[in-house]
Amino acid sequence: MPLGNNTAPANNIIRLAHTLGFIDYPKEKTAEPYLSYILKQRTDNHSEANYVNLFVEVVKRFQATAPVATVQSVIDNLVLTNFPGLSANTAVGDDRRKEDVEDTVMCILGTWATMLSSFQNKRQHREVVAAYSMSSYAILDDLGVQESLSISAKRLNAFTLNVFSGVDVQWTPNVSRHLLLTNVGGRHVLELFSLPCAFCSITSLAVGIPRELQQEISESYAMLFNAWCIKPLHVNLGEVFGIRKMCWCRSCCAYRYRKRCIHACRSHGPATSRHNAANPTQSDFDPTLENLMMKDSTDSWTPVSFPYLWPRIARLEKHLQSSRPWSLWVLFRDRRDTLQFWTFLFGTVILFLTVIQVLLGIAQVVGSFQ
């Protein structure tokens, strides 16, 4: 069933879907999480019909083959026209009208490109504008880390980052923040794109996100969540008993962690939702996400396979390398430093035998007095 509750809203949403490139909607419902996300960015200043009409108008202007529209030309044109529901309380030529139109258009572009937080005006600053003056490798402290030939997927994945580095997964509707390691409240989080169903729209020529980048993002989900894609023998033998719910091998632990991440995404949805969609019961969870997670992954991350994402992958590897175990349990499971692991293991065995020897000595002394 389409997102709308009646015929008019449903027709608006169908028109929006077709404009964005989802021609088979509503027969094919893959785009529903993306459409729901778009509708939730509507503010109380616009009715749903006016918001959809304006969204479609902005998208069509950038889809036109000639003349090629620029952001500034679209803003200037809308400032001079009385588009329904846009700055209805301001007169043409009013500075407040220009600011309102600019904010509205930039938010529509950010929502369309799934990079809303980068297009929003925060303290007179838009990240998408500042990004042009920044190096794409600015997040790296050491550019030499890019020169690594490959990184094993079984070494670097969402599970190992969580267990050994305390990195949590945070779902974001901003595609530009995919695989970005950030610090939130003193704890590191790995931001992952939550709306891969939107790729059909955002990889269009009008938006300009390269299909190669879309391919890298799509493949990264399996690398992060299905590094052990071949089931171990004990899983196949004990599957009927639910062995994956209790086994502590890395494959089974990573399986349970993937389930928890999917549940977290289902429960919370996009964190930037500001308005209820036409259908408040519509889930924001994108089923495409789970399908991508379950695909078979390749063995290693390489700069050849992931040229766009490689700086962020290298940053994650560097963070994993620099992390140190914070508990005995993590230390016992950490096999990254084999010398450290075997030293800890033999030290634990020797300590245990020493305690047993002391207890036996005490028992022998006590027995000699009886």
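In our numbering, each residue's number is its place in the sequence shown (first place is 1) plus 8. Ideal Cβ placement from N, Cα and C applies to all residues, glycine included.
4 or more residues per run - each alpha helix (DSSP H) lying fully within the region 221-253
Runs of alpha helix (DSSP H) with 4 or more residues, each lying fully within the region 221-253, are found at 241-246, listed in chain order.
Is it buried or exposed, Thr211, if we count other Cβ atoms within 10 angstroms and call 16 or more buried?
For this step, residue 211 is matched to residue 203 along the sequence shown. Flag for Thr211 reads buried.
Measure the CB-CB distance between Met123 and Val183 and report whether it falls below 8 Å.
Walking along the sequence shown from the start, residue 123 turns up at place 115. Walking along the sequence shown from the start, residue 183 turns up at place 175. Cβ atoms of Met123 and Val183: closer than 8 Å.
Opening and closing residue of the beta strand (DSSP E) in which Leu189 lies
Counted from its first residue, the sequence shown places residue 189 at position 181. Per DSSP, Leu189 belongs to the beta strand (DSSP E) from 188-192.
Cβ of Val64 within 7 Å of any heavy atom in the ligand MG?
In the structure on display, the ligand MG does not appear, and there are no ligands present to speak of.
Cα separation between Ala371 and Gln365?
Walking along the sequence shown from the start, residue 371 turns up at place 363. Walking along the sequence shown from the start, residue 365 turns up at place 357. Rounded to the nearest angstrom, the two C-alpha atoms are 10 Å apart.
Are the region 166-175 and the region 265-279 in contact at 8 Å, needing three or more beta carbon pairs?
yes
Using only the alpha-carbon positions, how far apart do Leu189 and Gly174 sit?
As a working note, residue 189 is residue 181 in the sequence shown. As a working note, residue 174 is residue 166 in the sequence shown. If I take the Cα positions, the gap works out to 12 Å.
Per DSSP, cross-strand counterpart(s) of Thr180:
Position 172 of the sequence shown, counting from 1, holds the residue named residue 180. Its beta-bridge partners are Phe201.
If we call anything under 8 Å between Cβ atoms a contact, is Pro5 one with Leu317?
With the chain covering only 9 through 378, there is no way to say anything about residue 5.
In whole angstroms, what separates the C-alpha of Phe30 from that of Ala39?
Here residue 30 refers to the residue found at position 22 of the sequence shown. Here residue 39 refers to the residue found at position 31 of the sequence shown. If I take the Cα positions, the gap works out to 7 Å.
Measuring alpha carbon to alpha carbon, tell me which residue in Met231, Leu232, Cys260 is nearest Leu241.
In the sequence shown, counting from the first residue as 1, residue 241 sits at position 233. Out of Met231, Leu232, Cys260, Cys260 has the C-alpha closest to the C-alpha of Leu241.
Can you tell me whether DSSP reads Trp309 as helix, strand or coil?
One-based indexing of the sequence shown puts residue 309 at position 301. If DSSP states are grouped into helix, strand and coil, Trp309 belongs with the strands.
Which same chain residues end up closer than 6 Å to Lys303 when comparing Cβ atoms and leaving out the 5 residues on each side of it in sequence?
Within the sequence shown, the letter at position 295 stands for residue 303. Same-chain partners within the cutoff: Ala230.
Quick one: using the 10 Å Cβ neighbour count with 16 as the cut-off for buried, is Asn284 buried or exposed?
The residue given as residue 284 occupies position 276 in the sequence shown. In this prediction, Asn284 scores a pLDDT of 42, lower than 50, which makes its location untrustworthy; the coordinate-derived value is nonetheless stated afterwards. Classification for Asn284: exposed.
Selection from Glu36, Ala25, Phe207 that minimises the alpha carbon distance to Lys68:
Stepping through the sequence shown from its first residue, residue 68 is reached at position 60. Out of Glu36, Ala25, Phe207, Ala25 has the C-alpha closest to the C-alpha of Lys68.
Sub-8 Å separation of Ile116 and Phe63 beta-carbons
As a position in the sequence shown, residue 116 is number 108, starting the count at 1. As a position in the sequence shown, residue 63 is number 55, starting the count at 1. For Ile116 and Phe63, yes; Cβs fall inside 8 Å.
My output table needs one value for Leu370: the three-state DSSP class, helix, strand or coil.
Along the sequence shown, read from residue 1 onward, the residue named residue 370 stands at position 362. Sequence check: residue 370 is Ile here, not Leu. In the structure shown, Ile370 sits in a helix (DSSP, three-state: H, G or I).
Could you check if Pro218 is buried or exposed, using at least 16 other CB atoms within 10 Å of its CB as the buried criterion?
Taking the first residue of the sequence shown as 1, we reach residue 218 at position 210. Exposed, because fewer than 16 other Cβ atoms sit within 10 Å of the Cβ of Pro218.
Is His196 helix, strand or coil by DSSP?
What you label residue 196 is simply residue 188 of the sequence shown in a count that begins at 1. In this structure, His196 counts as strand in the three-state DSSP scheme.
DSSP on Ser160, reduced to helix/strand/coil?
Start at 1 with the first residue of the sequence shown, and residue 160 comes out as number 152. In this structure, Ser160 counts as strand in the three-state DSSP scheme.
Taking the alpha carbon of Gln80 as the reference point, which residue from Pro319, Gly216, Asp111, Ala57 has its own alpha carbon closest?
The residue you call residue 80 lines up with position 72 of the sequence shown. For the residues Pro319, Gly216, Asp111, Ala57, the minimum Cα distance to Gln80 belongs to Asp111.
If you follow the alpha helix (DSSP H) that Gly118 is in, where does it begin and where does it stop?
Mapped onto the sequence shown, residue 118 falls at position 110. That run of the alpha helix (DSSP H) goes 103-120.
My output table needs one value for Tyr316: the three-state DSSP class, helix, strand or coil.
Position 308 of the sequence shown, counting from 1, holds the residue named residue 316. Correct three-state label for Tyr316: coil.
Measuring CA to CA, which of Thr180, Gly193, Phe207, Ser55 is closest to Glu199?
As a working mapping, residue 199 is identified with position 191 in the sequence shown. Of the listed residues, the one whose Cα sits closest to Glu199 is Thr180.
Using the Cβ count rule (16 or more neighbours within 10 Å means buried), how would you classify Glu155?
Residue 155 sits at position 147 when you count from the first residue of the sequence shown. Low confidence applies here, because Glu155 scores a pLDDT of 48, under 50, leaving its location unreliable; read the following figure in that light. Exposed: under 16 other Cβ atoms inside 10 Å.
Taking only three categories from DSSP, how would you classify Gln49?
Here the question's residue 49 lines up with position 41 in the sequence shown. Coil at Gln49, not helix or strand.
Give me the Cα-Cα distance between Arg104 and Phe127, rounded to the nearest whole angstrom.
Mapped onto the sequence shown, residue 104 falls at position 96. Mapped onto the sequence shown, residue 127 falls at position 119. Taking the straight line joining both Cα atoms gives about 19 Å.
Here's the rule: buried if 16 or more other CB atoms are within 10 angstroms of the residue's CB, otherwise exposed. What is Ala72?
By 1-based counting over the sequence shown, the position of residue 72 is 64. Ala72 should be labelled exposed.
Starting from Leu169, trace the alpha helix (DSSP H) in both directions and tell me its first and last residue.
In the sequence shown, residue 169 corresponds to position 161, counting from 1. 166-173 is the span of the alpha helix (DSSP H), which, as asked, contains Leu169.
In terms of alpha-carbon separation, which member of His276, Ser313, Trp120 lies closest to Arg225?
Your numbering for residue 225 matches position 217 in the sequence shown. Looking at the sequence provided, one finds Ile at residue 225 rather than Arg. Cα-wise, what sits closest to Ile225 is Ser313.
DSSP state of Val67 mapped onto helix, strand, coil:
The count along the sequence shown starts at 1 and reaches residue 67 at position 59. Looking at Val67 - three-state DSSP - the assignment turns out to be helix.
In its own chain, which residues sit with a C-beta less than 6 Å from the C-beta of Leu232, not counting the 5 before and 5 after it?
Counting from one through the sequence shown, the residue named residue 232 turns up at place 224. Correct list, in chain order: Asn165, Ala166.
Residues in the same chain with beta-carbon distance under 8 Å from Leu328, minus the five sequence neighbours each way, listed in chain order, please.
Indexing the sequence shown from 1 puts residue 328 at position 320. Excluding positions up to five away in sequence, the list reads Arg163, Leu164, Thr168, Leu169, Phe172, Ser173, Arg344.
Assuming Leu221 and Arg320 make a contact with CB atoms under 8 Å, what is their CB distance in whole Å?
The residue given as residue 221 occupies position 213 in the sequence shown. The residue given as residue 320 occupies position 312 in the sequence shown. With a Cβ gap of about 12 Å, Leu221 and Arg320 do not count as contacting.
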